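Student:
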């Protein structure tokens, strides 16, 4: 996992105050990159961004992805060579509550970052991070490939499908002629220390442990690809670097775990309880008339494995173990930055 490419490079990240964005900022800062973050305030309280003092290691610009003028001004000021777009409204259930905001952020936000990149001649490599949920879900037993139809069901998933189409249009209409290498990355469900989002199973588990309560699981039978947050974060950086060197490597990439790490929610929580210990336990509270969510979804990652000789490094057991390690350090008042540095170094070895 050689990321020396980034030493001295200027990298702009949208959504840097979020969970994945904070981990990416930390990884890049450790590699000697000049990181420019563009985002609104952290989406949760507490937030990993604030706990880890990420702002001290980067240049942070406060701005909404829906504000094209502010976004373009930021790119023109800092002249990044690499842009990684992660700003989003990322929660399925929230998208049912606020569909307009979800589409504004996830679709027009993509239009805006694509337009800002188009106008900034310093950019050589651009990554748009979407989701495994962009695919039309047929509840297949096999993984979805990059050539399968895009048609997310709920407003979040559908807005990310639209984001893919926007990017494709900009590639064909503008980026190819400007020699900007562009890829979209469709990652599975990520877990790891510092995720405080609501309506996510592992953060719910940690909150239950903090309160000394039984974990409640609303859908123990839904099956998803789970991976540690460092898997997609580092992989986005690898793709951005490799397509910068060779534009033929640009494209659409699934970034997910191996089949053995595609588990149902009940199995995931069982593993969490095992790693946590201390009599951790859970109960099923399946909801009637709950908003639609896919029951089965996994990715076929053959393309990235063949094109970039890539393979996942940590299995689901490792991912849960690292998440528990971080969470216990946080609840115990330990040095969060030291835990993050340690885990990043362990992953990159």
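Numbering (this note's numbering), first residue to last: 1193 to 1541. Virtual Cβ for every residue (Gly too), placed ideally from N, Cα, C. It should be emphasised that the depicted structure is a prediction, and the values quoted were computed from it without experimental measurement.
Tell me whether residue 1279 sits in a helix, a strand or coil according to DSSP, three-state version.
Tutor: Here residue 1279 refers to the residue found at position 87 of the chain shown. Residue state, collapsed to three classes: coil.
Student: Throw me the rounded Cβ distance for the residue 1284 and residue 1353 pair, which I believe falls under 8 Å.
Tutor: Residue 1284 sits at position 92 when you count from the first residue of the chain shown. Residue 1353 sits at position 161 when you count from the first residue of the chain shown. At roughly 13 Å, the Cβ-Cβ gap does not stay under 8 Å, so residue 1284 and residue 1353 are not in contact.
Student: Would you call residue 1218 buried or exposed, if buried means 16 or more other Cβ atoms sit within 10 Å of its Cβ?
Tutor: Indexing the chain shown from 1 puts residue 1218 at position 26. Buried: at least 16 other Cβ atoms inside 10 Å.
Student: Is it true that the CB of residue 1331 sits closer than 8 Å to the CB of residue 1488?
Tutor: Taking the first residue of the chain shown as 1, we reach residue 1488 at position 296. Taking the first residue of the chain shown as 1, we reach residue 1331 at position 139. Result yes, Cβ atoms of residue 1488 and residue 1331 sit closer than 8 Å.
Student: For the stretch 1406–1490, which segments carrying the beta strand (DSSP E) assignment without a break, of at least 3 residues, lie completely within its bounds, in sequence order?
Tutor: Segments of the beta strand (DSSP E) lying fully in the stretch 1406–1490: 1407–1409, 1415–1420, 1444–1447, 1454–1456, 1474–1476.
Student: Who are the near neighbours of residue 1428 in its chain, counting only those whose CB is closer than 7 Å to its CB and skipping five residues on each side?
Tutor: Walking along the chain shown from the start, residue 1428 turns up at place 236. Cβ within range, chain order: 1276, 1319, 1321, 1377.
Student: Would you say the stretch 1451–1469 touches the stretch 1410–1424, given that touching needs at least three Cβ pairs under 8 Å?
Tutor: With a cut-off of 8 Å, the stretch 1410–1424 and the stretch 1451–1469 count as touching, because enough Cβ pairs lie within range.
Student: What is the residue span of the beta strand (DSSP E) that residue 1525 lies within?
Tutor: Translated into the one-based positions of the chain shown, residue 1525 becomes position 333. Element bounds for residue 1525: n/a, residue is neither H nor E.
Student: Do you know whose CA, among 1509, 1299, 1490, lies nearest residue 1357's CA?
Tutor: One-based indexing of the chain shown puts residue 1357 at position 165. Answer by Cα proximity: 1299.
Student: Taking only the alpha-carbon atoms, compute the straight-line gap between residue 1243 and residue 1518 and give it to the nearest angstrom.
Tutor: For this step, residue 1243 is matched to residue 51 along the chain shown. For this step, residue 1518 is matched to residue 326 along the chain shown. Computed Cα separation, rounded: 12 Å.
Student: Alpha helix (DSSP H) containing residue 1288: first to last residue?
Tutor: Taking the first residue of the chain shown as 1, we reach residue 1288 at position 96. Residue 1288 -> alpha helix (DSSP H) spans 1284–1289.
Student: Rounded to a whole number of angstroms, what is the C-alpha to C-alpha distance between residue 1215 and residue 1233?
Tutor: Here residue 1215 refers to the residue found at position 23 when the chain shown is read from its first residue. Here residue 1233 refers to the residue found at position 41 when the chain shown is read from its first residue. For residue 1215 and residue 1233, the distance between alpha carbons rounds to 16 Å.
Student: Taking just the CA atoms, how far does residue 1371 sit from residue 1547?
Tutor: Since the first residue of the chain shown is 1193 and the last is 1541, residue 1547 is not available in this structure.
Student: Please check the pair residue 1409 and residue 1477, which I expect to be a contact at CB under 8 Å, by giving their CB distance rounded to whole angstroms.
Tutor: Start at 1 with the first residue of the chain shown, and residue 1409 comes out as number 217. Start at 1 with the first residue of the chain shown, and residue 1477 comes out as number 285. Between residue 1477 and residue 1409 the Cβ distance is about 7 Å, and since that is below 8 Å, they are a contact.
Student: Give the DSSP bridge partners of residue 1318, in chain order.
Tutor: To locate residue 1318, count along the chain shown from 1; it is residue 126. Residue 1318 pairs with 1275, 1374.
Student: Does the count of Cβ pairs from the stretch 1278–1298 and the stretch 1388–1404 closer than 8 Å reach three?
Tutor: These segments touch.
Student: Which residue comes first and which comes last in the beta strand (DSSP E) that contains residue 1231?
Tutor: Working through the chain shown from its first residue, we reach residue 1231 at position 39. Here the beta strand (DSSP E) through residue 1231 covers 1226–1231.
Student: To which residues does DSSP link residue 1383 through a beta bridge?
Tutor: By one-based count along the chain shown, residue 1383 stands at place 191. Looking at the DSSP assignment, residue 1383 forms a beta bridge with 1420.
Student: Under a three-way DSSP split, which group does residue 1362 fall into?
Tutor: Along the chain shown, one-based indexing puts residue 1362 at 170. In this structure, residue 1362 counts as helix in the three-state DSSP scheme.
Student: Given a cut-off of 8 Å on the beta-carbon distance, is the pair residue 1436 and residue 1274 in contact?
Tutor: Translated into the one-based positions of the chain shown, residue 1436 becomes position 244. Translated into the one-based positions of the chain shown, residue 1274 becomes position 82. Cβ distance < 8 Å, so residue 1436 and residue 1274 count as in contact.
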